[in-house]
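Colleague: I am attaching a structure below and will ask some questions about it afterwards.
Structure follows, in structure tokens:
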């Protein structure tokens with residue numbers, strides 16, 4: 001990775017992920033979106049709905065990476081404590097903000113639904129934060145400094161990622177090319193290691209799979225320079241030619 | 001959670017997860033298996049194939065939790081550095097161990113495949129570690145102190161989890177009951193918060209969903225005492241009765 005690419009981390013918040021009740025899909029979605037945007041995802045953490053853990057982790061990851069994206073815990077119920085904890089992590093006051101309240105009021109009025117005290121919690125936004133648009137269910141996320149706080153429901157999370165990414169300056173997208181080799185990983189390991197030394201500016205990954213009872217390996221080469229990728233792929237194909245027809 | 005339940009963390013190692021190339025499924029599998037075994041999963045981290053990051057994270061999580069489970073990076077290729085990094089985290093020597101070598105030799109001999117230098121890397125086991133059986137592709141995982149090092153390929157990971165869990169003392173399984181309510185989360189938030197105060201020994205989660213364009217909430221109550229769960233569920237059903245037919 002070039003040193004000048006911005007870096008990102010993700011924090012998934014929710015007891016339901018850790019208990020296995022819910023299968024997280026937001027991590028994979030964000031990983032793909034960030035890779036395409038040129039902001040490599042460097043680390044992900046999953047923690048429960050615990051105030052102290054959220055505060056500590058937000059401070060640590062926001063300090064270490066250029067951007068931190070959070071998922072989960074911004075709904076109307078008692079276990080939705082992410083917004084308040086993120087505000088606390090930066091010693092920032094939080095309260096119902098008029099622009100967020102207006103968004104919720106318009107949304108619920110159009111549906112004949114009461115904007116009660118629980119729903120009004122979703123208008124609590126830390127001072128100085130920028131709202132993240134939620135075209136699915138109105139209640140906004142927010143960006144406070146370099147922390148982007150988003151919902152856990154996948155449809156809402158994905159809509160918020162689409163809202164926030166254009167505001168974030170990306171680097172050159174990380175490119176990748178792949179070669180599938182129907183041999184054991186142990187057969188390709190030696191030559192692949194030598195090749196990776198000749199192309200130290202690229203990263204080489206090998207991912208074994210089992211398909212119809214046979215072993216194979218996907219070799220993936222990643223980098224930001226397309227010409228270098230092409231050169232590495234030519235060498236790879238020479239090392240591991242496709243099966244003759 | 002009762003204080004006497006053992007705790008666990010998971011460390012997923014692999015650039016391919018962070019780039020979005022591969023969608024991790026091992027976290028969800030382990031979360032479900034640990035919940036059933038009575039060892040709650042308290043935290044998950046995902047990091048890349050970077051030696052220093054693996055060493056630091058293994059030290060931190062192995063120190064904080066009763067068990068640490070790792071996934072990925074124990075194959076034969078140059079980017080498979082997990083075994084060596086885990087050994088380094090505990091300042092433990094690592095080398096080819098005879099019992100692991102014999103397992104690999106038998107496996108490859110039966111298939112007429114050479115046990116070359118790359119494959120022999122998979123017999124490198126830290127001193128004092130216990131092997132974890134791999135009935136899928138032979139190359140073993142290992143447990144070093146409270147760290148259980150397993151493969152990233154899902155079929156192999158799942159087989160290793162099945163091998164290692166019976167060795168780990170679990171607590172009472174975490175029980176859960178669920179009620180689906182076809183109302184907005186904002187309608188149930190207030191009463192649910194009051195109920196959770198009356199049952200402080202249980203945990204209450206509410207998980208909104210969108211199905212056929214309509215909002216609903218799954219309310220999940222978790223705890224280790226079945227009678228208390230039943231009592232809470234009775235109260236819940238009273239608060240949010242099922243729709244009359």
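Residue numbers (full-length UniProt numbering), protein chains in the order written: chain A, 1 to 245; chain B, 1 to 245. Glycine residues also receive a C-beta, built at the ideal position from the N, C-alpha and C atoms.
Could you pull the DSSP bridge partners for residue 71 (chain B) from this structure?
Modeller: On the second chain, position 71 is the one that residue 71 (chain B) refers to. Answer is B:12 and B:150.
Colleague: Answer with yes or no whether the minimum CB distance from residue 216 (chain B) to chain A is below 8 Å.
Modeller: Mapped onto the second chain, residue 216 (chain B) falls at position 216. No - not a single Cβ of chain A is within 8 Å of the one on residue 216 (chain B).
Colleague: Could you tell me how far apart the beta carbons of residue 164 (chain A) and residue 143 (chain A) are, in whole angstroms, since I believe they sit closer than 8 Å?
Modeller: As a working note, residue 164 (chain A) is residue 164 in the first chain. As a working note, residue 143 (chain A) is residue 143 in the first chain. That pair is a contact at about 7 Å.
Colleague: Please tell me whether residue 220 (chain B) and residue 188 (chain B) are closer than 8 Å, where the distance is taken between their beta carbons.
Modeller: Here residue 220 (chain B) refers to the residue found at position 220 when the second chain is read from its first residue. Here residue 188 (chain B) refers to the residue found at position 188 when the second chain is read from its first residue. In this structure, residue 188 (chain B) does not lie closer than 8 Å to residue 220 (chain B) by Cβ.
Colleague: Is residue 246 (chain B) close to chain A? Criterion is C-beta to C-beta, closer than 8 Å.
Modeller: Residue 246 (chain B) lies beyond the residue range present for chain B, which begins at 1 and ends at 245; the question has no answer from this structure.
Colleague: DSSP three-state label for residue 240 (chain A), please.
Modeller: The residue you call residue 240 (chain A) lines up with position 240 of the first chain. Note: residue 240 (chain A) maps to coil in three-state DSSP.
Colleague: Do you know whose CA, among A:215, A:54 and A:131, lies nearest residue 182 (chain A)'s CA?
Modeller: Sequence index remark: in the first chain, residue 182 (chain A) carries index 182 (1-based). Cα-wise, what sits closest to residue 182 (chain A) is A:215.
Colleague: Could you name the residues that DSSP lists as bridge partners for residue 203 (chain B)?
Modeller: The residue you call residue 203 (chain B) lines up with position 203 of the second chain. Paired residue(s): B:222.
Colleague: Taking 8 Å as the CB-CB cut-off, is residue 71 (chain B) touching chain A?
Modeller: Locating residue 71 (chain B) in the second chain gives position 71, counting from the first residue. So no, residue 71 (chain B) is outside the interface.
Colleague: Give the interface partners of residue 20 (chain B) over in chain A, defined as CB-CB distance under 7 Å, in chain order.
Modeller: As a position in the second chain, residue 20 (chain B) is number 20, starting the count at 1. What residue 20 (chain B) touches in chain A: 28, 31, 32 and 35.
Colleague: Quick one: is residue 230 (chain A) near chain B, going by C-beta distance under 8 Å?
Modeller: For the purposes of this step, residue 230 (chain A) is taken as the residue at position 230 of the first chain. No, because no Cβ of chain B sits closer than 8 Å to the Cβ of residue 230 (chain A).
Colleague: Would the segment 76 to 91 of chain A and the segment 31 to 48 of chain A be scored as touching if the rule is three or more Cβ pairs under 8 Å?
Modeller: The segment 76 to 91 of chain A, when compared against the segment 31 to 48 of chain A, does not touch it at the 8 Å Cβ threshold.
Colleague: Since residue 116 (chain A) meets chain B, which of its residues come closer than 9 Å, beta carbon to beta carbon?
Modeller: As a position in the first chain, residue 116 (chain A) is number 116, starting the count at 1. Within 9 Å Cβ-Cβ: 186, 187, 189 and 190.
Colleague: From what residue to what residue does the alpha helix (DSSP H) around residue 58 (chain A) run?
Modeller: Reading the first chain from its first residue, position 58 is the one you call residue 58 (chain A). Where residue 58 (chain A) is concerned, the enclosing alpha helix (DSSP H) stretches over 51 to 64.
Colleague: Quick check on residue 65 (chain A) - is its C-beta less than 8 Å from some C-beta in chain B?
Modeller: Position 65 of the first chain, counted from the start, is the residue given in the question as residue 65 (chain A). Chain B, which has no Cβ nearer than 8 Å to the Cβ of residue 65 (chain A), makes this no.
Colleague: Checking contacts by CB at 8 Å: is residue 296 (chain A) closer than that to chain B?
Modeller: An answer regarding residue 296 (chain A) cannot be provided, because it is not within the stretch 1 to 245 covered by chain A.
Colleague: Please report the straight-line C-alpha distance between residue 130 (chain A) and residue 94 (chain A), rounded to a whole angstrom.
Modeller: Position 130 of the first chain, counting from 1, holds the residue named residue 130 (chain A). Position 94 of the first chain, counting from 1, holds the residue named residue 94 (chain A). C-alpha separation (whole angstroms): 13 Å.
Colleague: Starting from the beta carbon of residue 155 (chain B), find every residue of chain A whose beta carbon is closer than 7 Å, and list them in chain order.
Modeller: Counted from its first residue, the second chain places residue 155 (chain B) at position 155. The answer, in chain order, is 210.
Colleague: Would you kindly work out how many angstroms separate the C-alpha atoms of residue 158 (chain A) and residue 26 (chain A), rounded to a whole number?
Modeller: Counting from 1 along the first chain, the entry for residue 158 (chain A) is found at position 158. Counting from 1 along the first chain, the entry for residue 26 (chain A) is found at position 26. If you take the alpha carbons of residue 158 (chain A) and residue 26 (chain A), they lie about 8 Å apart.
Colleague: May I have the straight-line CA-CA distance separating residue 141 (chain A) from residue 151 (chain A), to the nearest angstrom?
Modeller: Walking along the first chain from the start, residue 141 (chain A) turns up at place 141. Walking along the first chain from the start, residue 151 (chain A) turns up at place 151. Rounded to the nearest angstrom, the two C-alpha atoms are 7 Å apart.
Colleague: Per the contact definition of three or more C-beta pairs closer than 8 Å, is the segment 222 to 233 of chain A in contact with the segment 116 to 133 of chain B?
Modeller: Taking 8 Å as the limit for Cβ pairs, the verdict is that the segment 222 to 233 of chain A does not touch the segment 116 to 133 of chain B.
Colleague: For residue 147 (chain A), return the contacting residues in chain B, with the cut-off set at a CB-CB distance below 7 Å.
Modeller: As a first step, residue 147 (chain A) is located in the first chain; it is residue number 147 there, counting from the start. The contacting residues do not exist; residue 147 (chain A) stays about 18 Å from chain B at best.
Colleague: Mind checking whether residue 222 (chain A) and residue 239 (chain A) have CB atoms under 8 Å apart?
Modeller: Counted from its first residue, the first chain places residue 222 (chain A) at position 222. Counted from its first residue, the first chain places residue 239 (chain A) at position 239. Cβ distance not < 8 Å, so residue 222 (chain A) and residue 239 (chain A) don't count as in contact.
Colleague: Would you verify that the beta carbon of residue 47 (chain A) is, or is not, closer than 8 Å to some beta carbon of chain B?
Modeller: Taking the first residue of the first chain as position 1, residue 47 (chain A) is located at position 47. Closer than 8 Å to some Cβ of chain B, the Cβ of residue 47 (chain A) qualifies, so yes.
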